[in-house]
């Protein structure tokens, strides 16, 4: 296999994002649409995939305490920096946020219930006194494919190859390839992953210092029953809570997913400290964890029916924690096989503080399964959802999430969309009291 290509994939799939990447995709699209036209905003029409429409109402945005897809769209249009990619909201000001609250009332969301596949799709038209600016984002949170000003095309690109095509380069690699590359990378080749540690630890530390969110990470960290697994769960949950609470620090994403970036790295940072491991061992573990998670994300899709921050990240942590502690490839595969029956099929019901509990649970499962594998305990292959090999099992996960669960995800999103009550705008703090 081509290690150069695999290394390039790893580098390309890890980038910073400010705020939760689900709604940030919407903010980015709205910022591009407004940038195309300018002027005083009169109204906004947003045609979104069903996942974007229904699963982004419970997470705060950097620079605002208000919730809701309409607020995300307004915030991107009024305050967003269209040139900043996933850090589009770095320019939010109190004055701009106040204007966005008013604009949010003039946003109309149209869910695309007739889509046949799970995918990211945002088509936003901003109507102003100068006309209409339009932008379309597809497949990735920052995947701009169309930008128009009053019907004139300013930019048009082909969307990235979707996971459904089966042609994404990473899909031809196996877990053994990930293991061999992570184990063989030179110190200087691993150095870029130090940024992931810095970014995601800063988020976790914000929660552990100030008890942000629901207090999940804080209470786990200060538990009288604390051990190395509890501390790892605390770090992972804390990073998620800070992000979902709208803390203005970027996360280092993995596969365009901020929670996965946190959940697939912070437990390893914690156990590296508890086991006094070398920094190089930690970075090798993160490399394997991220490669594993990226591979799974591209199989289950970017707008998945399964919870990527539990399924993909837990399998990444199981693999990375085993490698960090000198596990063989066979033990890494066993750790992942041990993990799969515990996390298989966990559905995604949207971005929210409860994701921190899921990440905590997934971390605990992954580390226990890694411990068992290092003691040469493994679940027998080819039973239940497990295939004959770890790679076969991952294929079963992907086919189930990407195809078999499409109908159930659509039905779930209809239920979520029907029960939403956005106006008057609700604050993050008010939502936590409900």
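Residue numbers (our numbering): 10 to 443. Note that the Cβ used here is the ideal one computed from N, Cα and C, for glycine as well. As the structure is a computational prediction, the values presented were derived from the model and not from experiment.
CA-CA distance, residue 3 and residue 440? Residue coverage of the chain in this structure runs from 10 to 443, which leaves residue 3 outside it and unanswerable.
Just to confirm the assignment, what range does the beta strand (DSSP E) spanning residue 155 have? Unbroken beta strand (DSSP E) run through residue 155: 153-158.
Rounded to the nearest angstrom, what separates residue 16 and residue 38 at their Cα positions? Roughly 29 Å between the two C-alpha positions.
Cβ-Cβ distance between residue 277 and residue 304 below 8 Å: The beta carbons of residue 277 and residue 304 sit no closer together than 8 Å.
Going by Cα to Cα distance, which pick from 27, 241, 322, 259 is closest to residue 283? Relative to the Cα of residue 283, the nearest Cα in the group 27, 241, 322, 259 belongs to 241.
What are the uninterrupted segments assigned as alpha helix (DSSP H) that are 4 or more residues long and contained completely in the segment 209-278, given in chain order? The qualifying runs are 225-230, 237-253, 267-272.
Let me know the alpha helix (DSSP H) ranges lying completely inside the segment 52-107, each 4 residues or longer, listed in chain order. Complete alpha helix (DSSP H) runs here, min 4: 59-63, 78-88.
According to DSSP, residues forming a beta bridge with residue 14: Looking at the DSSP assignment, residue 14 forms no beta bridge with any residue, so it has no partner.
Assign residue 23 to one of two classes, buried (16 or more other C-beta atoms within 10 Å of its C-beta) or exposed (fewer than that). Taking all protein chains shown into account, residue 23 has 16 or more neighbouring C-beta atoms within 10 Å of its C-beta and is therefore buried.
I'd like to check one pair, residue 132 with residue 152: are the Cβ atoms closer than 8 Å? Taking 8 Å as the Cβ cut-off, residue 152 and residue 132 do not qualify as a contacting pair.
Counting Cβ pairs closer than 8 Å, one from the segment 218-238 and one from the segment 181-190, do we hit at least three? The segment 218-238 vs the segment 181-190: no contact.
Close beta carbons around residue 82, own chain, < 7 Å, minus the five adjacent residues each side: Here the set comprises 35, 39, 53, 55, 116, 133.
Three-way DSSP call (helix, strand, coil) for residue 433 in this model: Residue state, collapsed to three classes: coil.
Among 413, 294, 46, nearest to residue 141 - alpha-carbon criterion: Checking every option, the nearest Cα to that of residue 141 belongs to 46.
Alpha-carbon to alpha-carbon, residue 373 and residue 359: Using only the alpha carbons, I get a separation of about 21 Å.
For the ligand COA, I want to know if residue 31 counts as a neighbour, meaning its beta carbon is within less than 7 Å of at least one of the ligand's heavy atoms. This structure lacks the ligand COA; in fact it carries no ligand of any kind.
Taking the DSSP output, what are the residues bridged to residue 119? 56, per the DSSP bridge assignment.
What is the DSSP secondary structure of residue 32, reduced to helix, strand or coil? The answer is helix: DSSP assigns residue 32 an H, G or I state.
Please classify residue 441: does DSSP put it in a helix, a strand, or coil? In the three-state reduction of the DSSP assignment, residue 441 falls in the helix class, which pools H, G and I.
Taking just the CA atoms, how far does residue 323 sit from residue 217? One C-alpha to the other measures close to 22 Å.
Selected residue, minimal CA-CA separation from residue 237, among 44, 280, 269: Distance from the Cα of residue 237 is smallest, within the candidate group 44, 280, 269, for 280.
So which of 30, 61, 62, 111 has the shortest CA-CA distance to residue 71? Of the candidates 30, 61, 62, 111, the one whose C-alpha sits nearest the C-alpha of residue 71 is 30.
Whole angstroms is fine: what's the gap from residue 143's alpha carbon to residue 136's? Computed Cα separation, rounded: 9 Å.
Quick one, are the C-beta atoms of residue 5 and residue 375 less than 8 Å apart? Here the chain comprises residues numbered 10 to 443, so residue 5 is not present and cannot be evaluated.
What would DSSP say about residue 114, mapped onto helix, strand or coil? The three-state secondary structure of residue 114, taken from DSSP, is coil.
Output needed for residue 338: all residues of its chain with C-beta closer than 7 Å, excluding positions within five of it in sequence on either side, in chain order. 185, 188, listed in sequence order.
Start and end of the alpha helix (DSSP H) containing residue 406? For residue 406, the enclosing alpha helix (DSSP H) stretches over residues 399-408.
How is the alpha helix (DSSP H) around residue 337 delimited, first residue to last? Counting along the chain, residue 337 falls outside any alpha helix (DSSP H), and DSSP gives it neither H nor E.
Residue 391 burial status per 10 Å Cβ neighbour count (16 or more: buried): It is exposed - the Cβ of residue 391 has fewer than 16 other Cβ atoms within 10 Å.
Which of the three DSSP states is assigned to residue 357 in this structure? In the three-state scheme derived from DSSP, where H, G and I count as helix and E and B as strand, residue 357 is classed as coil.
6 Å Cβ shell around residue 119 - same chain, five flanking residues per side excluded: Within the same chain, residue 119 has close Cβ partners 56.
For residue 167, does the three-state DSSP call read helix, strand or coil? Correct three-state label for residue 167: coil.
Since residue 133 is in the beta strand (DSSP E), which residue starts that stretch and which ends it? Counting along the chain, the beta strand (DSSP E) containing residue 133 begins and ends at 130-137.
Own chain residues within Cβ distance below 8 Å of residue 367, not counting five before or after: Hits under 8 Å: 316, 318, 319, 355.
Taking just the CA atoms, how far does residue 343 sit from residue 388? Straight-line Cα distance between these residues: approximately 7 Å.
Start and end residues, beta strand (DSSP E) containing residue 413: No beta strand (DSSP E) holds residue 413; DSSP gives it neither H nor E.
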